[in-house]
Structure formats: C-alpha cells, structure tokens
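So the sequence shown is numbered by the numbering used here: it starts at 11 and just counts up by one. Cβ atoms here follow ideal geometry from the backbone N, Cα and C, with glycine treated the same way.
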Amino acid sequence: MSVLLHLSDTHFGTERAQVIEALLALAARERPDLVVLSGDITQRARPAQFRAARAFVERLGAPLLAIPGNHDIALFDLWARTVQPYARYARAFGADLEPVHASRDLLVVGVNTTRAWRHKHGEVSPLQIDRVTALLRTARPRQLRVVVVHQPAAVCRPEDRRHLLRGHHAALRAWAAAGADLVLGGHIHLPYMLAPPGLARRLWVVQAGTAVSARTRPGFPNSVNIVRWHGGPGGRGADPPGEDAGRGDCVIERWDYAADAHAFVRAVLTRLTPERA
Numbered sequence: 011m012s013v014l015l016h017l018s019d020t021h022f023g024t025e026r027a028q029v030i031e032a033l034l035a036l037a038a039r040e041r042p043d044l045v046v047l048s049g050d051i052t053q054r055a056r057p058a059q060f061r062a063a064r065a066f067v068e069r070l071g072a073p074l075l076a077i078p079g080n081h082d083i084a085l086f087d088l089w090a091r092t093v094q095p096y097a098r099y100a101r102a103f104g105a106d107l108e109p110v111h112a113s114r115d116l117l118v119v120g121v122n123t124t125r126a127w128r129h130k131h132g133e134v135s136p137l138q139i140d141r142v143t144a145l146l147r148t149a150r151p152r153q154l155r156v157v158v159v160h161q162p163a164a165v166c167r168p169e170d171r172r173h174l175l176r177g178h179h180a181a182l183r184a185w186a187a188a189g190a191d192l193v194l195g196g197h198i199h200l201p202y203m204l205a206p207p208g209l210a211r212r213l214w215v216v217q218a219g220t221a222v223s224a225r226t227r228p229g230f231p232n233s234v235n236i237v238r239w240h241g242g243p244g245g246r247g248a249d250p251p252g253e254d255a256g257r258g259d260c261v262i263e264r265w266d267y268a269a270d271a272h273a274f275v276r277a278v279l280t281r282l283t284p285e286r287a
C-alpha cells in the first residue's frame, strides 16, 4: 500500500500555528510515501513566506511534489512578476515547475497551470496536455495515475465555474483516455470529489480545502486529503508477485481540522476502483 497526503492552499503568511502542529502530528502518524502540495503555497510570494513554507514541508518528513499556484507569483512587485515570476518559488521548491514522481505504486505528474500575466485564472495548454498524456501512457497497471493541477478541472457548484481551469475539457478527455485515475487540485478552498461525465474512461477530480491558512470558507474548516492505494497483493513495502498486479483498491479520505480536539479527524471516506484495461 502507498499513502499520498494531498495538501493545498497553505497560504503561508496567513497560517495558523495550531493547525500546522496538528497537521504535522497527522503526517507523523500516517507516514505518507509522498506529499503533494497543489499550489498557493504562500499568500504573497514573499521570501519569508517561502522560507516558512519550506521549513514546514521539511518537518513533514516525506518526499514532496509541489507545483506553484497563482499566489506564488509576486502580485505587487511588477518587475519580479514580469522578469522572473517563479524565481522566489524556485529558490524554495526547485526550478522544476512540473515535477514527476514515479514509484512502484504511484505515477504522479505535476502541471504548472499558473500564468504570470493573469492574476488568478489558470490554463493548461495543448503542449501540457500532450506531455501529461504521454507520461500517463507509460504507466504500469499497478500504478495509481495522478495528475496535479492548481485550479479545479471540474466544479460541483455553478457559482464556481468562473474558477475552472481553462482548457479543462480537452485535458480531461485526453488524460482519461490515457489512463489517469485522479486529478488533484485546490485554489477555491472547497473540498470535494466528483467523476466528470462523458469521458472515455472514468476519472475522479479530487479537490482539497485550505490546509493550514486562516482563509477558510464558511462551513469548511482546514482540510487535507489522504489517498491510500493498494496496487495489488502484498502489504506496504512488500514485493508483489509480479510487476503488473492488475486492479487495485483506492481510498480517498478527507481529514478536517477539529478545533475542540486540536487535531485533524477523518470526515469523509470514499472507496473506488480505478478502471484498468
């Protein structure tokens, strides 16, 4: 079994110390194989905010796959936004804005959906769609295939349609056909998951709320997602009898911060079986 911890919209500069400590305790207990941070890591892309975010993820004690969000590009520093929009991000999290993680059980592909000339709207280009499609086609049957974007690829409420990732229709069609299982995102601080209709193969869009920021939506506390993937026979860390173990079992858990308990508690559990040829 592999465990993936999905965080989004930490917005360092608005973080809550007690929530950070609760999240660190959750990570220490769950011991994720990978942490995915799907953008808006900082509030205003300031160096001190990036340093605080880097220190936090190092305390999580797990490999990290991070992508930038629109808040990770300087808004008010026009020179930085125009000339070196990702320089501060790169100093903290590396120059690769579209990282890939591949292990026996996981294939996770990051996509930079931010654009320096836009304040908040995201976009995925035809070249990016093709790149992800090609990577997905290299996946082994036992791997969970995950794409990470910042802005949502599907929404569950009409009022959130304005936040949709531009190019999402073409991306979902191509990625579903290529074998994607999950598309992780954030941006709107609203946790949910749904399976968009009309695709050649079912995939799930999984959104995370804001992990540690005070910028929560009314009625939605800080939250994170845990993805548990059983790719085939054998326990965690065990060698499978064959490389291609066939159909696996995936559990998506939403964990909400409970202020009275000073801890993250499991709020929703969804079990699904990704389609395999």
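Judged by beta-carbon spacing, Ala-221 lies within the 7 Å limit of Thr-20, meaning their Cβ atoms are closer than that value. The bridge partners DSSP lists for Glu-263 are Ile-236, Leu-279. If only uninterrupted beta strand (DSSP E) runs of at least 3 residues are considered, those enclosed by the stretch 11-64 are 12-17, 44-48.
Remark: three or more beta-carbon pairs, one from each stretch, lie closer than 8 Å, so the stretch 225-232 and the stretch 186-200 are flagged as touching. A residue is called buried once 16 or more other Cβ atoms fall within 10 Å of its Cβ, and Leu-36 is buried on that count. The beta carbon of Tyr-99 is closer than 6 Å to those of Pro-78, Asp-82 in its chain, skipping five residues each way along the sequence. The C-alpha of Thr-148 lies about 12 Å from the C-alpha of Val-119. For Val-121, the three-state secondary structure derived from DSSP is coil. When only Cα atoms are considered, Pro-206 and Ala-164 end up about 7 Å apart.
In the structure shown, Tyr-96 falls within a coil segment according to DSSP collapsed to helix, strand and coil. The alpha-carbon separation between Arg-69 and Ser-18 amounts to approximately 16 Å. Between the C-alpha atoms of Phe-60 and Ala-210 there is a straight-line separation of about 40 Å.
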